[in-house]
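Input: a single structure, listed below in structure tokens.
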Amino acid sequence: MAGGEGSAGNGSGRPLSSGALPVAATALTGTVAVYMALVAFGNITDFDTNREFVRHVLAMDTTFRDPDLMWRAIESPALQDAAYVAIIAWETLTALVLLLATWLWVASLRDGGHERARRAATLGLTMVLLLFGLGFFAIGGEWFAMWQSSDWNGLDAAARNVVLAGLALVVVNLPSRRGDGRRPAGPASTGTADGERVP
């Protein structure tokens, strides 16, 4: 009887020990996925609004216009638009990867196999960090001196996105107890100390 009670306790404990973390990872991945999908959709359907943002940032025309920095400016509309299209393409690809990761997380809540979902989510969230960390902070903020502009400055929004994606990335990669629902090997699983089954 003692062995049977131990097995039942193990089974009933599984949702508490291994269910909460994957659900949190699913929710965070899904949140970032929906956000990135809406960002990409907005830039595609309302192309001109953020095109002006990208053009001003690359042209550096609202910065302090320091001659030591202005040689970095890109004033060609064709190159500016090409950069904007590249950003939209990256956002779209990121959204698709994260939507796939969300679907894999939801599926893994039933079968317990989280590794594929974790890998996809890690890839998508890293893409978010590259976009807003490397793209906005390093390239836009520092190289093109976006921090100097009071009108065309996306650093605060980029910071929020980096924090959200970074938090999601940490949660997604926290170790989970995947073996909680498995029957332990050895005599304990048979119900008696010597390994003989209880009739």
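At position 156 of the sequence shown the residue is numbered 166 (my numbering), and the sequence of numbers has no breaks. Glycine included, every Cβ here is placed at the ideal spot set by N, Cα and C. Because the structure is a prediction, the values reported are computed rather than measured.
Query raised in the report: Does DSSP classify Leu103 as helix, strand or coil?
Result: In the structure shown, Leu103 sits in a helix (DSSP, three-state: H, G or I).
Query - When Val182, Phe147, Val181 and Glu125 are compared against Asp166, the one with the closest alpha-carbon - result: Checking every option, the nearest Cα to that of Asp166 belongs to Phe147.
Query raised in the report: How would you label Leu114, buried or exposed, when you count the other beta carbons within 10 angstroms and need 16 or more for buried?
Result: Its Cβ being crowded by 16 or more others within 10 Å, Leu114 is buried.
Requested in this report: Determine the closest residue to Leu177 out of Leu135, Met156 and Gly143, with distance taken between C-alpha atoms.
Outcome: The residue from Leu135, Met156 and Gly143 with its alpha-carbon nearest to that of Leu177 is Leu135.
**Report entry** Beta-carbon separation (whole angstroms), Leu38 vs Leu184, contact threshold 8 Å
**Finding:** Not really, about 11 Å apart at Cβ, beyond 8 Å.
Query - Within the region 16–89, ranges of the alpha helix (DSSP H) (whole runs, at least 4 residues) - result: Entirely contained in the region 16–89, the alpha helix (DSSP H) runs reaching 4 residues are, in chain order, 30–55, 57–69 and 77–80.
Query raised in the report: Are there three or more Cβ pairs, one per stretch, closer than 8 Å when the region 106–126 is compared with the region 85–97?
Result: The answer is no - the region 85–97 does not touch the region 106–126, with fewer than three Cβ pairs under 8 Å.
Report task. Return the residue from the list Met156, Val172, Asp78 and Gly122 that minimises the CA-CA distance to Ser186. Result -> Looking at Met156, Val172, Asp78 and Gly122, the one whose alpha-carbon comes closest to that of Ser186 is Gly122.
Requested in this report: Let me know if Arg82 comes out buried or exposed under the rule of 16 or more other beta-carbons within 10 Å of its beta-carbon.
Outcome: Looking at its Cβ environment, which holds fewer than 16 other Cβ atoms inside 10 Å, Arg82 is exposed.
Requested in this report: Out of Glu125, Leu179, Phe154 and Val64, point me to the one whose CA is closest to Asp78's CA.
Outcome: Ranking Glu125, Leu179, Phe154 and Val64 by Cα distance to Asp78 puts Phe154 first.
Query raised in the report: Going by the CB atoms, is the gap between Tyr94 and Val64 shorter than 8 Å?
Result: With contacts defined as CB atoms closer than 8 Å, Val64 and Tyr94 qualify as a contacting pair.
Requested in this report: Return the chain-ordered list of same chain residues with a C-beta closer than 6 Å to the C-beta of Asn171, the five sequence neighbours on each side being excluded.
Outcome: In its chain, beyond the 5 residues on either side, Phe142 have a beta carbon closer than 6 Å to the beta carbon of Asn171.
**Report entry** Anticipated Cβ contact below 8 Å, Val67 with Met156, distance rounded
**Finding:** The pair is a contact, with the Cβ atoms about 5 Å apart (cut-off 8 Å).
Query raised in the report: Taking just the CA atoms, how far does Ala175 sit from Thr41?
Result: Cα-Cα distance, rounded: 10 Å.
Query raised in the report: Got a sec, what are the start and stop residues for the alpha helix (DSSP H) Leu133 sits in?
Result: Here the alpha helix (DSSP H) through Leu133 covers Glu125 to Leu139.
Query raised in the report: With a CB to CB cut of under 7 Å and the five nearest residues on each side skipped, what residues in its chain are close to Ala47?
Result: Only Ala105 and Leu109 meet the Cβ criterion.
Requested in this report: Excluding the 5 residues preceding and the 5 following Gln158 in the sequence, name in chain order all residues of the same chain whose CB lies nearer than 7 Å to its CB.
Outcome: Cβ within range, chain order: Thr73 and Phe74.
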